[in-house]
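Under full-length UniProt numbering, the letters of the sequence shown match residues 1 to 126, in that order. Ideal Cβ positions, reconstructed from N, Cα and C, are used throughout, including at glycine. Note that the coordinates shown come from a computational prediction; the quantities given were computed from them, not determined experimentally. Here is the structure we will look at.
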Amino acid sequence: MISCVKKKNRILTCFLVSDASGHFELQILSMQNVNGKLLSGRCCGGVRSASDQRCTRDECDTYFKVCLKEYQSRVVTAGPCSFGTGSTPVIGGNTFSLKNTMRKEKSRIVLPFSFAWPRPPRLGHH
């Protein structure tokens with residue numbers, strides 16, 4: 001697509017706009033959280049066993065969140081999700097496998113994307 005802009009000094013500037021679209025898809029197949037701990041290190045419920053340090057009472061309610069951003073050489077979890085965000089419902093406890101089950105669809109996160117960016121027009125072939 002060609003887009004043109006008229007400047008104050010009446011110069012017409014034209015450039016090409018490239019479009020792209022698709023989707024990013026993540027499928028969770030299995031999860032293992034042997035000790036039943038949160039990211040903070042605390043137990044999902046109850047206290048730790050004195051003998052083996054495992055959490056004793058309740059299993060975690062495991063779900064996943066995705067934040068799709070531009071490439072970062074040093075990942076920063078704060079800030080906007082430039083290309084979208086998504087999550088699953090609770091899909092299991094501390095340890096589970098969804099490889100051959102009907103619940104597999106709930107463990108899928110799909111983020112559609114659509115981009116447009118300007119690029120200078122080519123005046124000749126190389």
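Three-state secondary structure (DSSP) of residue i
i      : result
Glu70  : coil
Glu59  : coil
Lys106 : helix
Gln53  : coil
Ser21  : strand
Leu29  : coil
His125 : Per-residue confidence for His125 stands at a pLDDT of 48, beneath the threshold of 50, marking its modelled position as unreliable; no derived number is given.
Phe113 : strand
Gly92  : strand
C-alpha distance - residue i paired with residue j, whole-angstrom precision
i      : j      : result
Gln72  : Ser82  : 12 angstroms
Met31  : Thr62  : 9 angstroms
Thr88  : Leu68  : 15 angstroms
Cys60  : Ser107 : 16 angstroms
Arg42  : Leu29  : 25 angstroms
Val34  : Ser114 : 39 angstroms
His125 : Asp19  : Reliability fails at His125, whose pLDDT of 48 lies under 50, so the model's placement of it is uncertain and no value is given.
Buried versus exposed call for residue i [16 or more other C-beta atoms within 10 Å across all chains shown]
i      : result
Ser49  : exposed
Leu98  : buried
Asn100 : exposed
Residue i: first and last residue of the uninterrupted beta strand (DSSP E) it sits in
i           : result
residue 141 : Nothing can be reported for residue 141: it is not among the residues displayed for the chain, which extend from 1 to 126.
Thr95       : 95-97
Ser40       : That residue, Ser40, is in no beta strand (DSSP E); it is neither H nor E in DSSP.
Residue i CB to nearest heavy atom of the ligand FMN below 7 angstroms
i     : result
Cys60 : The ligand FMN is absent from the structure shown, which contains no ligand whatsoever.
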